[in-house]
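Accompanying notes for the structure given below.
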Amino acid sequence: TTPIRLRDYRPPAWSVEAIELEIDLGIDSTEVSSRLTLRNDPQQSTPLRLDGEGLELLAISLDGRKLEAHGYRYEQGVLEVHGAHDGSVLETRVRVRPAANTALEGLYLSGSREHGFLLTQCEAEGFRHISFFPDRPDVLARYTVTLRADRERFPVLLAGGNPAGSGDLPDGRHWARFIDPHPKPCYLFALVAGRLENIQRDYLTTDGRKVKLVIWSEANVIDCCHYALDALERSMRWDERSYGRSFDLDVFHVVATHDFNMGAMENKGLNIFNAKYLLADPDTSTDDEYRAVEAVVAHEYFHNWTGNRVTCRDWFQLSLKEGLTVFREQQFSADMNSASLKRIEDVALLRRTQFPEDAGPLAHPVRPAEYREINNFYTATVYEKGSELVRMVAGRLGQEGFRRGMDLYFERHDGQAATIEDFLSALGDANHIDLAAYLTWYSQAGTPRLHAKGEYDAARHEYTLSLSQQTRPTPGEPDKKPLPIPVKLSLFGRDGQLLPLHTDGEAQGDGAEKVIVLDRATQRFVFKQVASSPVPSLLRGFSAPVVLEYNYTPDELALLLTHDADGFNRWEAGQQLAMLAFDTLRDGDDSVACRAWCKALAALFEQDAMDNALLADLLTPPGEIEFADRQSEVDPARIHAQRETMQHRLAEQIGIDALLARYRALAADAGEPRLDAGSQARRRLKRCVLELLALIDAEQANTLAARQYSTASGMTDRLAALSVLVRRRAPQAASALAHFRERYADNPLALDKWFTVQAQVPDEPALAVVRKLESDPAFTLKNPNRARSLLGAFASTNPSGFHRADGAAYPYLAERLVQLDALNPQIAARLATAFNGWQRLEPLRRHAAQQALESLARHEGLSPNLSEIVGNVLK
Ligand code: B3K
Ligand code: ZN
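Next comes the structure, spelled out in structure tokens:
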């Protein structure tokens, strides 16, 4: 296949003003009748071409006349119709087969034939699996949707938009109609039909609209939807308050399914969620999962303005909606919970997922220039780095300026399909600033390295900071341009006091924190009246998505870790110190950096005033993937061992007695699991303390973990205990696992965790564990959550297990990818990204990975999705 290129974009020759759909639903066979009112761009004289994949065409007519065979052609996913003109009406009737749809794209069945329900997934290009249409986001149409089905089997019929009638039909059938007054691209179309329960609530928008909020799920889990309903209401209020945006339909539906390719989908007025991100209950969900539910509910809701009311002109602009919506969700979650914990979580995620992506063969710009399979571009780069770009621009404009810019963006582009240029222009125009320089961030891949060097002139009391930037080549982009890099900074005296900042006016901000912008390859910034040689705190709040290179001494980082008042910056100093410790620690060697890291943390551990959750984050060194990202030749087993050595030393430094005492104090507060921040923080620290204890007193830790497992009142404590037992290969692990397996036999979300916790057992044993789990009757490749919970967790989150020294896990994964690809190409392609980074493995593993990949690439009949990833990763 030839790639699709951004520079080839042309406005559509044919668009659709209105679409009327009449859908006769059935599990094996569904018939879709569509009536399109067409518009033709007089500048373009191409024939009418509509997308359609795998549709069985039953009838076709143009302007009321049935088309003869010579009047149209349907081949290779395109229906070409002759004789259409501006204002023509095209009617088609097609058959699709939901129960046979294992790719979960288009119309498909969730659950069993007897009890399951029908639903759709259209983004990015699923609508063409349902009906003929110009399947591109810049064709916005008005939708009228009529659903018909057997009332017994499908009592609930839902589509996006406002309800516009329902009633009975002969033969036990019924119908329901929905009209969406807001023109939308077809990727936002959705329907749901089946036996579902609901909970609901009335909501009054600030502009006086009464909206019914309804959450739907299968009956057995409807009680787990209350938290999501609350989160939805909080999101709606927040968007009204923070952006002046309120909801625009009479009803907002949210539906949970266990069969979903991704997290959730923002279909207009009918959001559909992977149950993992909607259901929440203390017995099944961890604290992290509660926060994830809140975040994803908010994310999908915020899309109503950033994505739906203003959509994307083409899929290259995907980050226009995704990066911006991730950013809005991050702001919301920071407001609802702790801002510094949220920032820590997001930066850690960026480093664990996006940095490796940007450093390997799959690197691509936030706005890619070309793609073959768009579903492969829902990446950490488009989402998380995209959000960081919005954050930089928002920081540049300040809170009010950003709001002014967003207001202008909505005013100009409401009801349109926009571009990233449109976005930056609106933000810039509203503030009389030219933001065009930030476009380079969107078009250039790779993580920039920011090199910083400080010099103190004691005679003149001047501190000069020299900054330079460099981005390494990425595939297809040998030469990199300098980017605008906002560096938020403070200076600390050697006594830990913040120093006031005086510059020549080239910096924004006041007092002790300022933002300087490096927008050339190198630049110098001079600070005056600096009383003594300072320790710079750079890139505060992670003000730009770059890798900072500054030659800190361990003492300097320990000083920042101890004295910075801001939780995020403190954590960041600790992470950098841990990196330094890692780099200088050789087996058995004594490392100054490692001692400094342990000492500083042990001191913080003693402080009563430390926040429990922040302390837990501080005590957690960067993950194995982050350590690997810094090495030119990666040995995952060594990284695992060396990271554990660091944790071991930390545990020793704190001491068994202190750890035990803290564990007991934290465990004393059991009882009903409460969700407030303080209780969550205690559980988080408790887990961390138990993990440290396990490194220096296995027996005692195992006993405590076993007790915690059996007495836990909620999933957070239960899973933490199980994880310690499994990872440490405790004698008590087997019975706890058996107990968990039985207790949650009918709870798929809990069972997923049971698979995952075992797939994450470190080192050599992991592969055998995973293979054995495949024969558990609950394992299936057909369910994406289950496939991810075992294979995804193993390949993408267990580096020492997946990258075993003999390379045996590579052909194993390749074999599963082939099987999975035949069922669900999107999931296969996503799991295949676990091979990213293989070029930097040490030679033995590298060779084995290459062989597995090459034989996978030679396999006949791979989907375009999987072959694109395998092809790119091999480059
Ligand atoms: N927009 C959807 C993702 C669709 C993925 C298609 N392969 C979820 C979200 O970002 O909100
Ligand atoms: Zn999104």
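So the sequence shown is numbered by our numbering: it starts at 19 and just counts up by one.
Glycine included, each C-beta is placed from N, C-alpha and C at the ideal position.
- Distances from the CB of Lys339 to the heavy atoms of ligand 2 include at least one below 8 Å.
- The closest heavy atom of ligand 2 lies less than 8 Å from the beta carbon of Gly325.
- Here DSSP, grouped into helix, strand and coil, assigns Glu388 to strand.
- For Asp277, there is no enclosing alpha helix (DSSP H), as DSSP gives it neither H nor E.
- Taking a cut-off of 8 Å on C-beta distances, the segment 101-114 touches the segment 66-83, as three or more cross pairs fall below it.
- Taking a 10 Å sphere around the C-beta of Lys403, we find 16 or more other C-beta atoms and assign the residue as buried.
- With respect to Trp32, Pro152 sits close: the two C-beta atoms are nearer than 9 Å.
- The beta carbons of Arg702 and Ala634 sit closer together than 9 Å.
- Thr851 sits in a helix when the DSSP states are folded into three classes.
- Less than 9 Å divides the Cβ of Asp156 from the Cβ of Ala435.
- Remark: the C-beta of Gly82 is outside contact range of ligand 1, defined as less than 8 Å to any heavy atom.
- Here the distance from the Cβ of Thr397 to the nearest heavy atom of ligand 1 is not below 8 Å.
- In this structure, the C-beta of Glu318 approaches ligand 2 to less than 8 Å from one of its heavy atoms.
- Distances between the C-beta of Tyr205 and the heavy atoms of ligand 2 are all 8 Å or more.
- With distances taken between CA atoms, Ala249 lies nearest to Tyr221 out of Asp266, Asp268, Asn238, Tyr221.
- Going by C-alpha positions, Gly341 is about 47 Å away from Ala477.
- Counting along the chain, the unbroken alpha helix (DSSP H) around Asn587 starts and ends at 585-602.
- Distances from the CB of Glu284 to the heavy atoms of ligand 2 include at least one below 8 Å.
- Considering only Ala646, Ala102, Ile45, the residue with the shortest C-alpha distance to Arg115 is Ile45.
- In this chain, Pro491 is not harboured by any alpha helix (DSSP H), its DSSP state being neither H nor E.
- Taking a contact to require three or more Cβ pairs closer than 8 Å, the segment 438-445 and the segment 457-467 qualify as touching.
- Here the segment 256-264 does not lie against the segment 294-312, with fewer than 3 beta-carbon pairs under 8 Å apart.
- In this structure, Gly281 has its CB closer than 8 Å to one or more heavy atoms of ligand 1.
- Burial state of Leu862 is exposed, judged by a 10 Å Cβ sphere holding fewer than 16 other Cβ atoms.
- Around the C-beta of Leu367, fewer than 16 other C-beta atoms lie within 10 Å, and the residue is accordingly described as exposed.
- Excluding its 5 nearest sequence neighbours in each direction, Ser351 has C-beta neighbours in its own chain below 8 Å: Arg309, Glu312, Ala313, Ala316, Lys360, listed in chain order.
- Residue Leu68 holds the alpha-carbon nearest to the alpha-carbon of Arg146 among Arg166, Leu68, Ala208, His103.
- When secondary structure is reduced to three states using DSSP, Cys330 falls in the strand class.
- Collapsing the DSSP output to three states places Ser235 in a strand.
- In this structure, Asp573 sits away from Ala599, with a CB-CB distance that is not shorter than 9 Å.
- Around Thr492, the same chain offers Ala381, Ala463, Gly464 as residues with beta carbons nearer than 6 Å, after the five sequence neighbours per side are excluded.
- The shortest C-alpha to C-alpha distance from Ser47 to any of Leu485, Asp26, Ile148 is the one to Ile148.
- When DSSP reads this structure, Asp168 sits in a beta bridge with Arg191.
- With contacts defined as CB atoms closer than 9 Å, Ala293 and Pro802 fail to qualify as a contacting pair.
- Of all alpha-carbon atoms in Val174, Leu206, Pro199, the one lying nearest the alpha-carbon of Ala237 is that of Val174.
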